[in-house]
Structure formats: C-alpha cells, structure tokens
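Q: So the sequence shown is numbered by the numbering used here: it starts at 148 and just counts up by one. Sharing a structure here in structure tokens format.
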Amino acid sequence: MSAIGKAIGPLVNIALLLLFAIIIFAIIGLELYSGSLNSTCYDINDLNRIITGGDSGNPCYRGSSKHSPVGSYTCNTNTSICLQKWVGPNNGITSFDNIGLAMLTVFQV
Numbered sequence: 148m149s150a151i152g153k154a155i156g157p158l159v160n161i162a163l164l165l166l167f168a169i170i171i172f173a174i175i176g177l178e179l180y181s182g183s184l185n186s187t188c189y190d191i192n193d194l195n196r197i198i199t200g201g202d203s204g205n206p207c208y209r210g211s212s213k214h215s216p217v218g219s220y221t222c223n224t225n226t227s228i229c230l231q232k233w234v235g236p237n238n239g240i241t242s243f244d245n246i247g248l249a250m251l252t253v254f255q256v
C-alpha cells in the first residue's frame, strides 16, 4: 500500500502535464477551427436533406472550390450548397466551438 502512495505524487505531476497539453491544443483548435465543423452539403431543391454520407454528413468548405484549402471537402455546385446549419460530427460532440468540447475532441484524438 505504501508503494501506491509513493507513486501518487509523480502521477499527479504527469496528469497535470497532460491536462496542460490538452488545454494548449484545445485553445489552438478553438482559434483555427471554431465554427468550421458545422457546415455540410444540402440538396438545392430540399434544404432539409443532407446529401453527403446520408444523415451523418461531412464538414464542407463554404467558399469557392477554386480557393478551398488542400484536402477540404467542397459541395457539387450544380446539385448542392454548403450551409452552416448542421449540428456537426458525432451529434455535435466533435467540435471546437467551446473550450469544453475542444478539450474532449483533443482527448479523443
């Protein structure tokens, strides 16, 4: 039992270091990705129908496909439009919109 007690002190230091790293990466995620995961492609004829991946959807880039970042998903301009009304991946849990969800997202990654 005394060995467990002696190990608690160093483990607390490791846990605090891990918490500090999670907070730093969550703040960086807030700055870079805040609000960017709430957009997905909707059908032009029916704005309530998500057309990428069924009901799950994929985050999309709302700008022109010519100016989109490398690797970003853009909607087909003839059949769909990227709107910011989707709850987000994992029913809104995967998000960088507030510090709590950002820390949870960093912890999951």
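For glycine and all other residues, C-beta sits at the position ideal for the given N, C-alpha and C.
Look at the alpha carbon of G239 and the alpha carbon of V256, and state the distance between them as a whole number of angstroms.
A: Working through the sequence shown from its first residue, we reach residue 239 at position 92. Working through the sequence shown from its first residue, we reach residue 256 at position 109. Going by the C-alpha atoms only, they are around 16 Å apart.
Q: Who are the near neighbours of L248 in its chain, counting only those whose CB is closer than 6 Å to its CB and skipping five residues on each side?
A: What you label residue 248 is simply residue 101 of the sequence shown in a count that begins at 1. Hits under 6 Å: S242.
Q: In chain order, which beta strand (DSSP E) runs of at least 3 residues are fully inside the region 208 to 236?
A: Whole beta strand (DSSP E) segments, 3+ residues: 227 to 230.
Q: Quick check on the burial criterion: 16 or more other C-beta atoms within 10 angstroms. Buried or exposed for L163?
A: Position 16 of the sequence shown, counted from the first residue, corresponds to residue 163. Exposed is the call here.
Q: Assuming contact is defined by CB atoms lying nearer than 9 Å, are V181 and W233 in contact in what I supplied?
A: By one-based count along the sequence shown, residue 181 stands at place 34. By one-based count along the sequence shown, residue 233 stands at place 86. At residue 181 the sequence reads Ser, which differs from the Val that was named. No, the pair does not count as a contact, with Cβ atoms beyond the cut-off.
Q: Buried or exposed: where does I246 fall if 16 or more other Cβ atoms within 10 Å of its Cβ makes it buried?
A: What you label residue 246 is simply residue 99 of the sequence shown in a count that begins at 1. By the neighbour-count rule (16 or more Cβ atoms within 10 Å), I246 is not buried but exposed.
Q: Quick one: is L166 buried, meaning 16 or more other Cβ sit within 10 Å of its Cβ, or exposed?
A: For this step, residue 166 is matched to residue 19 along the sequence shown. By the neighbour-count rule (16 or more Cβ atoms within 10 Å), L166 is not buried but exposed.
Q: Considering only residues of the same chain and omitting the five flanking positions on each side of L177, which have a CB-CB separation below 6 Å?
A: Here residue 177 is taken as the residue at index 30 of the sequence shown, counted from 1. Correct list, in chain order: F243 and A249.
Q: Alpha carbon to alpha carbon, how far is L251 from M148?
A: By one-based count along the sequence shown, residue 251 stands at place 104. By one-based count along the sequence shown, residue 148 stands at place 1. Looking at the two C-alpha atoms, the distance is approximately 33 Å.
Q: Mark G218 as exposed unless 16 or more other C-beta atoms lie within 10 angstroms of its C-beta, in which case mark it buried.
A: As a first step, residue 218 is located in the sequence shown; it is residue number 71 there, counting from the start. That one is exposed.
Q: Could you say which of H214, N192, S212 and L230 lies nearest to P206 if we only look at CA atoms?
A: In the sequence shown, the residue the question calls residue 206 occupies position 59. It is L230 whose Cα lies nearest to the Cα of P206.
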